[in-house]
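In our numbering, the protein residues as written are 2 to 370.
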Amino acid sequence: RDSSTSRGLGDVYKRQKSDNPRIGSFDPENYSFGDHFIDHMIICEYENGQWGEPKLMPYGPLPFSPANMAFNYGQACFEGMKAYKDKNGDVFLFRPEKNFERINKSATRLAMPEVPEEAFMQGLKVLIDADRDWVPHGEGKSLYIRPLIFATEEALKARISTKYLFAIVASPAKSYYSAPVSVKISDYYSRAASGGVGFAKAAGNYAASFYPTKLANEEGYEQIIWTDDATHENFEESGTMNVFVRINDTIYTPATSDKILDGVTRDSFIQLAKKRGIEVVVGDVKVKDVIAAHERGELKEVWGVGTAVVTSVFEAIGYKDKKYDLPKLSAEESYALTLQRDLVAIQTNNAEDPFGWRVLVEKNILETV
Ligand code: COI
2 RDSSTSRGLG
12 DVYKRQKSDN
22 PRIGSFDPEN
32 YSFGDHFIDH
42 MIICEYENGQ
52 WGEPKLMPYG
62 PLPFSPANMA
72 FNYGQACFEG
82 MKAYKDKNGD
92 VFLFRPEKNF
102 ERINKSATRL
112 AMPEVPEEAF
122 MQGLKVLIDA
132 DRDWVPHGEG
142 KSLYIRPLIF
152 ATEEALKARI
162 STKYLFAIVA
172 SPAKSYYSAP
182 VSVKISDYYS
192 RAASGGVGFA
202 KAAGNYAASF
212 YPTKLANEEG
222 YEQIIWTDDA
232 THENFEESGT
242 MNVFVRINDT
252 IYTPATSDKI
262 LDGVTRDSFI
272 QLAKKRGIEV
282 VVGDVKVKDV
292 IAAHERGELK
302 EVWGVGTAVV
312 TSVFEAIGYK
322 DKKYDLPKLS
332 AEESYALTLQ
342 RDLVAIQTNN
352 AEDPFGWRVL
362 VEKNILETV
């Protein structure tokens, strides 16, 4: 190998294995989403206009000043993705290139440097390979992976930071089953504005959603269906997810835009629905049309999709002072649950992968290059 032109992963990845692994004390039957972290993490630092070498390190806290620019001015974005273990113990990522593209779109919008492919794509494989024992196997189980970038410069001028950290951490995730929820259609608060950062997975988008969600919770709703900031007449997203509506046997979902996250699960659902011959209309989803369809008895399902839960089925939607109950469909009748089964079967290597979505995490990746 000519080291001036091609470096092997073993050269690039400085490795420090944990001398205190916690996997032995992790109970794979008893955990909740996002509360336990695998033994290692990937870290890559940016300064003086360039990214350093990515490192595999023991998972743990990092020291930052309260004057850190990310805390003060919010330059921070993240990704959400999963790894799955099949019945033979092989581990797969799902469409990781989509997350790689998106984190760099988010970073660019927040005036942060793009992450190099070797830190993101190889970082995922190096990390998941090192901690493959942490990837749970079984009905609905997976490893949730959280790549993120944030400013690290200690400075209080409101300007673009000159230092950043890219990290990947991961946490075992559980069952896809989540109880049906009631959601409130927002007629005041917005998640995103035209020309803003709604399409980016900016940390601040989530911060801004918590207060309206808390108010909806106080009214008895679990989540909000976000509507457009100008008129509040069009569906945009629901909670932290993209939203789908089924009227009769046609599925509707808002088109992606500068206000709507280009969700990997959303895109996968659209492709899987089309493969089944279900009609999918991507475009405006008007509140008044959804309510009118309910009044005609034609509104069959409304649901949210995202990497974390895959599908969140809605049992009722609230608008103004009214609550509209949705029909209770069986798992076979429901498009939401049918498409979820199709998706999970591909993710977990229990079905053919006609779209080429699965990416195998090779074993001993650092040792073999
Ligand atoms: C996801 O579904 O991946 C999300 O974005 C939810 C996450 C904020 C927990």
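Using N, Cα and C, we set each Cβ at its ideal position, and we do this for glycine too. Just so it is clear, the structure is predicted and the values come from calculations on it, not from any experiment.
Heavy atom of ligand 1 within 7 Å of residue i beta-carbon
{"i": "T257", "result": "no"}
{"i": "G357", "result": "no"}
{"i": "G199", "result": "no"}
{"i": "A171", "result": "no"}
{"i": "G307", "result": "yes"}
{"i": "T241", "result": "yes"}
{"i": "G81", "result": "yes"}
{"i": "V385", "result": "Lying outside 2 to 370, the shown extent of the chain, residue 385 is not represented and no answer is given."}
{"i": "Y207", "result": "yes"}
Alpha-carbon spacing of residue i relative to residue j, whole angstroms
{"i": "V310", "j": "Y189", "result": "26 Å"}
{"i": "R2", "j": "I44", "result": "Summary for R2: the model assigns pLDDT 35, below 50, so the residue's position carries little reliability; its value from the coordinates is reported in the next sentence. In a straight line, the C-alpha of R2 is about 26 Å away from that of I44."}
{"i": "E223", "j": "Q17", "result": "42 Å"}
{"i": "K286", "j": "I252", "result": "Note that residue 286 is Val in the sequence shown, not Lys. Straight-line Cα distance between these residues: approximately 10 Å."}
{"i": "K289", "j": "P213", "result": "22 Å"}
{"i": "E316", "j": "K164", "result": "46 Å"}
{"i": "V370", "j": "D326", "result": "In this predicted model, V370 has a pLDDT of only 45, less than 50, meaning its place in the structure is not dependable; the value taken from the coordinates is given anyway. If I take the Cα positions, the gap works out to 56 Å."}
{"i": "N249", "j": "P64", "result": "54 Å"}
{"i": "M82", "j": "V170", "result": "11 Å"}
{"i": "E118", "j": "P55", "result": "11 Å"}
{"i": "Y207", "j": "K275", "result": "31 Å"}
{"i": "V362", "j": "F95", "result": "10 Å"}
{"i": "K364", "j": "Y320", "result": "51 Å"}
{"i": "V244", "j": "E368", "result": "43 Å"}
{"i": "I186", "j": "A293", "result": "14 Å"}
{"i": "H233", "j": "E102", "result": "30 Å"}
{"i": "V283", "j": "A156", "result": "44 Å"}
{"i": "F236", "j": "A337", "result": "18 Å"}
{"i": "G90", "j": "P137", "result": "10 Å"}
{"i": "F356", "j": "I146", "result": "22 Å"}
{"i": "K301", "j": "L340", "result": "15 Å"}
{"i": "Y14", "j": "T266", "result": "31 Å"}
{"i": "D263", "j": "P97", "result": "14 Å"}
{"i": "L330", "j": "E219", "result": "27 Å"}
Endpoints, the alpha helix (DSSP H) within which residue i is located
{"i": "Q348", "result": "336–348"}
{"i": "D290", "result": "288–296"}
{"i": "I271", "result": "265–276"}
{"i": "M70", "result": "70–74"}
{"i": "V246", "result": "Careful: V246 lies outside any alpha helix (DSSP H), inside the beta strand (DSSP E) at 242–248."}
{"i": "L149", "result": "Where L149 is concerned, there is no enclosing alpha helix (DSSP H), although the beta strand (DSSP E) it sits in stretches over 143–152."}
{"i": "I129", "result": "124–131"}
Test: residue i CB closer than 8 Å to a CB of chain D
{"i": "S258", "result": "Of the protein chains in the structure, only one exists, and it is not chain D."}
Residue range of the unbroken beta strand (DSSP E) whose run includes residue i
{"i": "Y253", "result": "251–254"}
{"i": "F101", "result": "Unbroken run through F101 is the alpha helix (DSSP H), 97–110; no beta strand (DSSP E)."}
{"i": "P173", "result": "165–174"}
{"i": "F79", "result": "77–79"}
{"i": "S210", "result": "Not the beta strand (DSSP E): S210 falls in the alpha helix (DSSP H), residues 204–219."}
{"i": "L300", "result": "300–307"}
{"i": "A84", "result": "82–86"}
Among the options, the one whose alpha carbon lies nearest that of residue i
{"i": "H41", "options": "L262, F95, P59, F245", "result": "P59"}
{"i": "G75", "options": "R133, D87, I150", "result": "I150"}
{"i": "T308", "options": "P355, S176, V281, Y336", "result": "S176"}
{"i": "R342", "options": "F79, F270, A193", "result": "F270"}
{"i": "V116", "options": "I24, I226, K301, A77", "result": "A77"}
{"i": "K142", "options": "A108, Y32, V198, K99", "result": "Y32"}
{"i": "A168", "options": "T153, I186, G50", "result": "T153"}
{"i": "G35", "options": "E48, F121, L144", "result": "L144"}
{"i": "N350", "options": "A201, T109, A84, I261", "result": "A84"}
{"i": "L166", "options": "I318, T254, G50", "result": "G50"}
{"i": "V373", "options": "W358, E238, D322, G298", "result": "There is simply no residue 373 to check, as the chain begins at 2 and stops at 370 in what is shown."}
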